[in-house]
Each structure stands twice: as structure tokens, then as C-alpha cells.
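> Mapping the sequence shown onto this note's numbering, position 53 (from 1) lands on 53, and the numbers just tick up by one. For reference, the structure I am asking about is given below.
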Amino acid sequence: MCKKVLVLLSLFIPFQFLFAQTNILTDFPKGCTPQEVGKRLAYHFVDGKHMLHAGKWISYPETFNWSGALKFGAITKDKKLVKLLQDKFEPLFTTEKALLPIMNHVDLNMFGSLPLEMYRVTKDKRYMDLGLPYAETQWEVPENANPEQKAWAEKGYSWETRLWIDDMYMITIVQTQAYKVTKDRKFIDRAAKEMAHYLDELQRPNGLFYHAPDVPFYWGRGNGWMAAGMAELLQCLPKDSKDRPRILKGYQAMMKSLKNYQNSNGLWNQLINESDCWSETSGSAMFTFALIKGVKNGWLDAKEYAPVVRKAWIALVSYINDRDEVTEVCVGTNKKNDKQYYYDRTRHAGDYHGQAPYLWCAVALLEK
């Protein structure tokens, strides 16, 4: 329904009129409100099965979908939803304890961000006790670390550093959450140092990021992790942080480029700069989340960027099917120095890689 409304708006209402609306990010057509979309996707998650990593541990897509649903429940004061999410988590303390990720990889340590968010919402100390070790061990070098990992640690970076852009959500989200819970400056400072280094190493002159130094392609969701990670970090990073100017500069450069690459349909492509590539929802939702944060926090000019957000959000909603599944989601993707590899990735419906950032957007739109 909201897709039809967007078409009618473009046909019958002068575009300047949209700029004049102070409620451009609050007054959405029926079916497109963050309250409606968030509720659909959050309750859909409650009934979903675990998405495991290599068949063993709670995966990062499930972790972020879970925390997105939890944040939505908290901001909408939906006590029923929060309780359902707590009940879903409870077996991880007992019968499903084996599904807790181990603490030896960037894609596993990120799990700590979920129990830390659980603690923020419920104040149950069990969650904090479970979550903090995941943040600490990102910087505690294991005995079996290889020379490269030890070298990163000696420079003050996480031993899990590998210079894949995905890392800048995986690392920063758990460190940021630990800072929110403890107010210990070490967590946010080391996350900022890590982010600044990744920006210096990986950001290109156009503001976007290669998947990795040896993979020169602007993969959508990879860039999405970076965009979302910068937004999460900037919102919590103290103004006196020495790394804040570098991170804000990198963020703004990326957002400017994304505005220019937004498709006429409101989304971004699987390979951002390839016009013949397909529109992909998970990366597009991550970009939308980062843009919302920028407009709401004053990092971006609202007159220039709020219409970009509105167009993207309404377009994203049209990709949710009648089973409350986000469609056109790129499956989990390793790095590969082969452009066709990214074109040929399988597209799924309901994949948590896509469900999660939609929930982040809903929460960000509802935040004051």
C-alpha cells in the first residue's frame, strides 16, 4: 500500500512540498509506520528458529535481529514482546548453553552485545555478567595467538583485527554496549581507535569501502556494516575523543556518496556502484539506519538527507512479503576477488541479515 502512496506523491505533490514538511520522518502512510513494521518483524522473530554459526553457535545475524527486536520492544513499551524475548533467551543460561558462542573470533565475540542490551532493558545482572567477557576478550590476546594477531595487539588494536569492513560493526557494537553498561571509557576509546584505523586503511576517495584490501569491490552489506558501525559509535562517543573528528569525517563522506548512488527505486545495489547489479535490501536497510541516525543527531543536513531516508524506508517496506519476511537479502558472503561472485550471490527471504537492520531502522525512526 505504501509503495502506491509514494508513486502518487511523486506524481501529484511538488517535490519542494516534501522538503517543507517538518514531519517527513514521522508522518508515514499506513503500512509504512515504524510502529507497524517493527511490530511485524519483531513478533516474527520470536517464533523463529535459531540461525546457528557453522551449526554450533548463535550467529551474528540472529544476535542483531534479537537485539533489534528487544530495542523495539523497549522503545514502544511492549512488555509482552520484551517478556517473550527474555523467555527465548533463558535457555541460553541452561539447556541451550552450548549454543553460546565461544570467544575466539570477531564474528563470535559480537554476541556479547545482546546480553548487554538485555541488561540495559531488564537490569538483570546475569545478562551483564554474561556479556562483558565477550567485550573484554576482544582485547585479551589468547595464548595460541599467531604473530600477526599479537602484532595488532601490541599496537593497541584488537587481536581479532583483519581489515574486513564487516568487523566495524562486529567489534564496535559490543565495545559500545559495554561502555553504555559500565561507563568505563576504555571500551569506547578502543572501539574508536579501531574504527579510525579501519577508515584510514579501507575508505576510498569516493567515501565507500572495498570489502577488504585485496577485494576491490563496493559490496553493499559490507559497506552497510561500516555505515551502521560508525553511526552506533558516533552516537555514544564522547565529544572529547581524539578519534571523533576522523570518524565523523569518514561517516559524512560515506553518506554523501550513498546519497549519490541511491537508485530511483529508493534502494542501493548489491555492488553499490554497478548500475546493472540488483537492488539488495540488507545493505540498503543498514544505509537507511545510518542516515536516520545522521539526520536525527545533526551530523547530516536534514533538508538534504531526510528525503533520502524517507524514500529509502518506504521502498524497503515494499520488500516485506505477507509472511513478514524481508525479500532480496544477499546470503552470508565471504570476501572474494571476483566481481561476478557478488552478482551471483543467492537471494533469500526472511534471512536474519535483512530482518535485523529493518528493526534498527524502525527503532531509529522512533527515537526522539
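No residue lacks a Cβ here, since even glycine has one placed at the ideal position from N, Cα and C.
#1: Let me know if residue 351 comes out buried or exposed under the rule of 16 or more other beta-carbons within 10 Å of its beta-carbon.
#2: For residue 209, write down the residues that DSSP places opposite it in a beta bridge.
#3: Could you check where the alpha helix (DSSP H) with residue 159 kicks off and where it finishes?
#4: Which runs of the beta strand (DSSP E) fall wholly inside the segment 62-99 and span at least 3 residues, in chain order?
#5: Tell me the DSSP secondary structure of residue 361 in three-state form.
#6: Would you mind sorting residue 65 into buried or exposed? The rule is 16 or more other CB atoms within 10 Å of its CB.
#7: Excluding the five sequence neighbours on either side, which residues of its own chain have a C-beta within less than 6 Å of the C-beta of residue 34, listed in chain order?
#8: What number of angstroms, rounded off, separates the C-alpha of residue 146 from the C-alpha of residue 314?
#9: Can you list, in chain order, the residues of its chain whose CB lies under 8 Å from that of residue 40, leaving out five sequence neighbours each side?
#10: Helix, strand or coil for residue 284? Go by DSSP, reduced to three states.
#11: Could you have a look at residue 20 and say whether DSSP puts it in helix, strand or coil?
#12: Quick one: is the Cβ of residue 348 within less than 7 Å of any heavy atom of the ligand GDP?
#13: Below 8 Å on the Cβ atoms is my contact criterion, and I expect residue 219 with residue 300 to pass it. Report the Cβ-Cβ distance as a whole number of Å.
#14: Check residue 347 in the structure and name its three-state DSSP category.
#15: How long is the line joining the alpha carbons of residue 334 and residue 82, rounded to whole angstroms?
#16: If we ignore side chains and look at the alpha-carbon of each, how far apart do residue 208 and residue 223 end up?
#17: Looking at the structure shown, is residue 334 part of a helix, part of a strand, or coil, going by DSSP?
#18: Which residues in the same chain have their Cβ closer than 6 Å to the Cβ of residue 75, if we skip the five residues on either side of it in sequence?
#19: Just verifying my parser: in three-state terms, what is the DSSP assignment at residue 44?
#20: Check whether the Cβ atoms of residue 370 and residue 191 lie closer than 8 Å to each other.
#21: Under the three-state reduction of DSSP, which class applies to residue 105: helix, strand or coil?
#22: What residue range is occupied by the uninterrupted alpha helix (DSSP H) comprising residue 216?
#23: Apart from the five residues on each side of it in sequence, which residues of its chain come closer than 6 Å, Cβ to Cβ, to residue 281?
#24: For the alpha helix (DSSP H) containing residue 133, list its first residue and its last residue.
#25: Kindly indicate the opening and closing residues of the alpha helix (DSSP H) around residue 259.
#26: Assuming residue 182 is part of the alpha helix (DSSP H), what are its boundary residues?
#27: Are the C-beta atoms of residue 304 and some chain D residue less than 8 Å apart?
#28: Do you know offhand how far residue 348's Cα is from residue 332's?
#29: Classify residue 94: buried if its beta carbon has 16 or more other beta carbons within 10 angstroms, exposed otherwise.
#30: For residue 432, which of 211, 268, 199 has the nearest alpha-carbon?
Let me spell this out:
#1: buried
#2: 203
#3: Careful: residue 159 lies outside any alpha helix (DSSP H) and carries neither H nor E.
#4: none
#5: helix
#6: buried
#7: 362, 365, 366
#8: 47 Å
#9: 320, 324
#10: helix
#11: For residue 20, the predicted structure reports a pLDDT of 40, less than 50, and the residue's modelled location is therefore unreliable. A value from the coordinates is still provided. It is coil, neither helix nor strand.
#12: The model on display carries no ligand, and the ligand GDP is accordingly not part of it.
#13: At roughly 23 Å, the Cβ-Cβ gap does not stay under 8 Å, so residue 219 and residue 300 are not in contact.
#14: strand
#15: 33 Å
#16: 7 Å
#17: coil
#18: 363, 366
#19: helix
#20: No information on residue 370 is available, as it lies outside the stretch 1 to 368 that the chain covers here.
#21: coil
#22: Per DSSP, residue 216 belongs to no alpha helix (DSSP H) and is neither H nor E.
#23: 319, 326, 328, 329, 354
#24: 125-136
#25: 244-261
#26: 167-182
#27: No chain D appears in the structure shown, which is made up of a single protein chain.
#28: 10 Å
#29: exposed
#30: Since the first and last residues shown for the chain are 1 and 368, residue 432 lies out of range.
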